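Take a look at the structure set out below.
Below is the structure:
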């Protein structure tokens, strides 16, 4: 059944006719039983009218009118001008004077004689709107004027100012004369009623009308502010209905402010006539457009988009025309505008009716309001066109107030319905969220094992077949490994998120030194930034107190914040700092990345809030890391916050409570025995501590946790290993510098001042992986921490808490490995020491043979020198055996005797030895290879030869031996890499340097300049004993 074949049209038409009936009743049925006298032929008889009882009188009826004449009281009494009678109120455009219709532009005089019962000393008139300039006179006195009345446009001036005027008369009869001129508006004349009453009556009525306008403007302003705030708060919801309703309210406010009492002049008293008329018409233009936008937003399915767009276009066009043309031009189309508004009202009445039939929210109320608004519109329009003169009836304010209330109610009803719907959806989402969490947790658990298998297999293929696979295949496999690791990280985040959400994370709090945790975590995080030009630094005060935290979770917090900073920083610096504030320690991570917009900062700690929205998707992010971090911080009793400037970087800061277990300065920490964590207050350990045993191996234990140290010492004692225990990286390096018999270092990552990673790197400057194995201990079970350890030079890893059987097995394996490798290296070095370069032996024998024919004694001396040289070279004893300085110089003399016989004057050697004989012991085969190197690479390439100077002198607590030549020198680029390179390849500079560093703690010092020679120095601690 469609609309036209049902009973709905009858009901619709009935409801639409209601406003017409409403208007008819308003204009026809008198509101008072008192019969108002009518003006007839310019005379109003009020002899029987009691103003106190009967009220105000509208001066409506037949006035005398004199076209194109501006007459005064004297003009009328000096003669009798030709008069005509016209109906007031009415525009003179609609008059017919002797068959002539006056145009809109012109001037004229209105005259009215009034008879009253008795002389009243004080009366008043209420002037509404007279187009467009007037002067009102009572008898011969001017009581009110608006603008400047003139017969020409030059001296004429329009004005719009409703007002009341009080006047006095001494007689019962008086004349009211109104001069009117119009050269601006499309219509002119007394278009609206003039009211007569006593001064108090008119004043009260005038003030009442103004108060009504002020009240309506106040109500509308409050409504606008309320809905504007509501719109701003819900602007993300695309709630345009609120915005269009605000526009409607602004138009209502404009109608009230610019029409009738023109209350706007109380705020802007200098507002010109042109702008008042423009705004008055603009409210009509945009009233239709605003209502169309509002209705389309409320009921998009019932409204036509084309009609809405057409009305907006017409409104914009009319506004533009009104701005660029004169008032007289655009005001002549007032009737068309009123007809358009009427058509729009009828169309949207139909739309509202359709919405009613479809049971749309608020449609019934809106339809009823529109119907009665149409009535108010018709009432106002008919008055505008002088069809009736009952403007004093407050219809528009009443309908306006009802319309505002109804539309606000409809919007509230829509919001309430939306809220109810959202509430139901929220309950459903909470249920689905639980299902989702269970699914994610179960899936993550199931994915983790095969994922790790996939990563391991792919890495194995990549490492084993690296030399046979094409470059493209290697890149693809590396991408698979990288993607798998990212997925593994995501799975770990999801599992942590599940624990966070249900509060399943338990903390094992203890006193933690943040100065140990931060450097170690920085070392691990460097691998996250290996492909970016980023510098990771720390700024930690030496007096930072211990904090109360779970060490593993603290590392996770810092690692997450550093990872987040690295992710959103392309280049620059990331700094982690810590300061004490009252009873908390605040740790901050500052980066120079892309920064975070201020409106996004509150969202970054929310679950699944992806930071890629900040950068347009340039960076990917799961949105879980910072949410988990926030939870971990809060369950520790701290808080976390962020500050940022877009484009400059961000600072994320969290706080941790200070631990009450703060050690006193200089107080040794307790030694613990038995199970780690059991304190024995009566037993204390001073480090470094030495525990000799009868076994062949010595182990250095480095840990600041004395419970762990005691546990390690117990294991060492059970295996008959000698042990040295220290509590810091600095102590470890000092012990290693003084003890060269240490076979294994077991090193904790978290150490004060210097992390385990830094200690390991320092060790690797002097010892290779096989010369001194390092077993690292860590409480963090992550691949990144292990990779960092291996990169620093660790041989193996152990996870805390330590398992005794696993610890023993790893210790035994590394010690046997070190022993086997040391034996192999000693044998190889001994063999290499025994090697004589063939060309040197061949040249030496040829030289001796040549002397056999010419100088037998010389040949014998050379044979003796060669014998001494070979005896020293074929020494297969301990590679690190010691000799006196004098014996080493005798070996050098044997070598030089042979070389001098070959090169004669081209080679010379001098000695400057100031140390007492026998007071200096030195490693064998150190000085002679350096002298040989100076001759071969410094002196002989020089055309004129040169000189070698060997010196030995005591400097404070050490002996410095130098080998100086004046040969060709060494270029700087070669000098920088001279001591770097593979080990065990020769008995040259590299091996000598490593032997010296291992024994004395420092190696060769070489200074050279091209064409100026080279100086090689050896520094030996004075009175050093053999180990």
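Numbering (UniProt numbering), first residue to last: 1 to 1027. Quick reminder that beta carbons are idealized off the backbone N, C-alpha and C, glycines included. This structure is a prediction, so every number in the text was calculated from the model and none was measured.
Practice task
Would you mind sorting residue 591 into buried or exposed? The rule is 16 or more other CB atoms within 10 Å of its CB.
Solution key: Numbered from 1 along the chain shown, position 591 holds the residue referred to as residue 591. Burial call: buried.
Practice task
Work out the CA separation of residue 360 and residue 418 for me, nearest whole Å.
Solution key: As a first step, residue 418 is located in the chain shown; it is residue number 418 there, counting from the start. As a first step, residue 360 is located in the chain shown; it is residue number 360 there, counting from the start. Straight-line Cα distance between these residues: approximately 13 Å.
Problem - Uninterrupted alpha helix (DSSP H) stretches inside the segment 904-973 (no shorter than 4 residues) - result: 927-934
Handout entry: Three-pair Cβ contact test at 8 Å for the segment 93-107 versus the segment 162-172
Key = no
Practice task
Kindly identify the DSSP beta-bridge partner or partners of residue 653.
Solution key: To locate residue 653, count along the chain shown from 1; it is residue 653. Answer is 588, 641, bridged to residue 653.
Problem - Reduced DSSP secondary structure (H/G/I, E/B, other) of residue 40 - result: Position 40 of the chain shown, counting from 1, holds the residue named residue 40. Looking at residue 40 - three-state DSSP - the assignment turns out to be strand.
Exercise for the section: Measure the Cβ-Cβ separation of residue 65 and residue 86 and say whether it is below 7 Å. Expected result: Within the chain shown, residue 65 is the residue found at index 65, counting from 1. Within the chain shown, residue 86 is the residue found at index 86, counting from 1. Yes, Cβ-Cβ distance for residue 65 and residue 86 is below 7 Å.
Problem - Three-state secondary structure assigned by DSSP to residue 750 - result: Indexing the chain shown from 1 puts residue 750 at position 750. Residue 750 falls in the coil class under three-state DSSP.
Practice task
For the alpha helix (DSSP H) containing residue 335, list its first residue and its last residue.
Solution key: Position 335 of the chain shown, counted from the first residue, corresponds to residue 335. Note, residue 335: alpha helix (DSSP H), 334-357.
Handout entry: Continuous beta strand (DSSP E) stretch holding residue 1009: start and end
Key = Translated into positions along the chain shown, residue 1009 becomes position 1009. Here the beta strand (DSSP E) through residue 1009 covers 1005-1009.
Practice task
Please confirm whether residue 906 and residue 945 have their CB atoms less than 7 Å apart.
Solution key: As a position in the chain shown, residue 906 is number 906, starting the count at 1. As a position in the chain shown, residue 945 is number 945, starting the count at 1. The answer is yes: Cβ separation under 7 Å.
Handout entry: Classification of residue 656 by the beta-carbon crowding that lies within 10 angstroms, buried from 16 upward
Key = In the chain shown, counting from the first residue as 1, residue 656 sits at position 656. Buried.
Exercise for the section: Pick helix, strand or coil for residue 982, following the three-state DSSP scheme. Expected result: Within the chain shown, numbered from 1, the residue matching residue 982 stands at position 982. Any answer about residue 982 is weak, because its pLDDT of 48 lies below 50 and its placement is not dependable; what the coordinates show is given next. It is coil, neither helix nor strand.
Problem - Closest Cα partner of residue 231 within the set 242, 909, 724 - result: For this step, residue 231 is matched to residue 231 along the chain shown. Cα-wise, what sits closest to residue 231 is 242.
Practice task
Please say whether residue 196 and residue 89 have beta carbons closer to each other than 7 Å?
Solution key: As a first step, residue 89 is located in the chain shown; it is residue number 89 there, counting from the start. As a first step, residue 196 is located in the chain shown; it is residue number 196 there, counting from the start. Result no, Cβ atoms of residue 89 and residue 196 do not sit closer than 7 Å.
Problem - Residue burial classification, residue 606 (beta-carbon count within 10 angstroms, cutoff 16) - result: Taking the chain shown and counting its residues from 1, the one referred to as residue 606 is at position 606. Label assigned to residue 606: exposed.
Problem - Length of the line joining the Cα atoms of residue 888 and residue 758 - result: Numbered from its first residue, the chain shown carries residue 888 at position 888. Numbered from its first residue, the chain shown carries residue 758 at position 758. Residue 888 and residue 758: Cα-Cα distance of roughly 38 Å.
Handout entry: Span separating the alpha-carbon of residue 730 from that of residue 439
Key = For the purposes of this step, residue 730 is identified with residue 730 of the chain shown, where counting begins at 1. For the purposes of this step, residue 439 is identified with residue 439 of the chain shown, where counting begins at 1. Approximately 50 Å between the Cα atoms of the pair.
Handout entry: Burial state of residue 211 (16 or more Cβ within 10 Å)
Key = For this step, residue 211 is matched to residue 211 along the chain shown. Counting Cβ neighbours within 10 Å, residue 211 comes out exposed, since fewer than 16 surround it.
Practice task
Would you tell me roughly how many angstroms separate the C-alpha atoms of residue 320 and residue 534, rounded to the nearest one?
Solution key: As a working mapping, residue 320 is identified with position 320 in the chain shown. As a working mapping, residue 534 is identified with position 534 in the chain shown. Between residue 320 and residue 534, the C-alpha separation is close to 58 Å.
Problem - Helix, strand or coil at residue 64 [DSSP, three-state] - result: Taking the chain shown and counting its residues from 1, one reaches residue 64 at position 64. Three-state DSSP puts residue 64 in a strand.
Handout entry: Counted within 10 angstroms of its Cβ, other Cβ atoms place residue 295 as buried (16 or more) or exposed
Key = Along the chain shown, read from residue 1 onward, the residue named residue 295 stands at position 295. Under this definition residue 295 is a buried residue.
Practice task
Within the segment 692-742, note down every full beta strand (DSSP E) run reaching 3 residues or more, in order along the chain.
Solution key: 698-702, 722-726
Handout entry: Check whether residue 70 and residue 129 have beta carbons under 7 Å apart
Key = Start at 1 with the first residue of the chain shown, and residue 70 comes out as number 70. Start at 1 with the first residue of the chain shown, and residue 129 comes out as number 129. Going by C-beta atoms, residue 70 is not nearer than 7 Å to residue 129.
Practice task
Express the C-alpha separation of residue 736 and residue 658 in angstroms, rounding to a whole number.
Solution key: In the chain shown, residue 658 corresponds to position 658, counting from 1. In the chain shown, residue 736 corresponds to position 736, counting from 1. If you take the alpha carbons of residue 658 and residue 736, they lie about 35 Å apart.
Handout entry: Length at least 3, wholly inside the segment 74-133: the beta strand (DSSP E) runs in chain order
Key = 84-88, 106-116, 123-127
Problem - Extent of the continuous beta strand (DSSP E) to which residue 629 belongs - result: Locating residue 629 in the chain shown gives position 629, counting from the first residue. Residue 629 -> not in any beta strand (DSSP E); alpha helix (DSSP H) instead, spanning 625-635.
Practice task
Measuring alpha carbon to alpha carbon, tell me which of 967, 72, 272, 203 ends up nearest residue 159.
Solution key: On the chain shown, position 159 is the one that residue 159 refers to. The option with the nearest alpha carbon to residue 159 is 272.
Practice task
Name, in chain order, the residues that DSSP records as bridge partners for residue 690.
Solution key: Here residue 690 refers to the residue found at position 690 of the chain shown. Answer by DSSP bridge pairing, in chain order: 724.
Exercise for the section: Name, in chain order, the residues that DSSP records as bridge partners for residue 174. Expected result: On the chain shown, residue 174 is found 174 positions in, with the first residue counted as 1. Partner(s): 114.
Practice task
Could you tell me which of 349, 815, 325, 175 sits nearest to residue 299, measuring between CA atoms?
Solution key: Translated into positions along the chain shown, residue 299 becomes position 299. The shortest C-alpha separation from residue 299 is found at 349.
Practice task
Within its chain, find whatever has a CB closer than 8 Å to the CB of residue 1008; leave out the 5 residues flanking it on each side and keep chain order.
Solution key: For the purposes of this step, residue 1008 is taken as the residue at position 1008 of the chain shown. Closer than 8 Å at Cβ, skipping near neighbours: 969, 970, 975, 1014, 1015.
Practice task
Look at residue 948 and residue 1017 and say whether their C-beta atoms are less than 7 Å apart.
Solution key: What you label residue 948 is simply residue 948 of the chain shown in a count that begins at 1. What you label residue 1017 is simply residue 1017 of the chain shown in a count that begins at 1. Cβ distance not < 7 Å, so residue 948 and residue 1017 don't count as in contact.
Problem - Stretch pair the segment 752-767 + the segment 800-811: three plus CB contacts closer than 8 Å - result: With a cut-off of 8 Å, the segment 800-811 and the segment 752-767 do not count as touching, because too few Cβ pairs lie within range.
Exercise for the section: Enumerate, from N- to C-terminal direction, the unbroken alpha helix (DSSP H) stretches of 4 or more residues contained entirely within the segment 517-553. Expected result: none
Handout entry: Residue span of the alpha helix (DSSP H) that contains residue 796, given as start and end
Key = Translated into positions along the chain shown, residue 796 becomes position 796. Careful: residue 796 lies outside any alpha helix (DSSP H), inside the beta strand (DSSP E) at 796-799.
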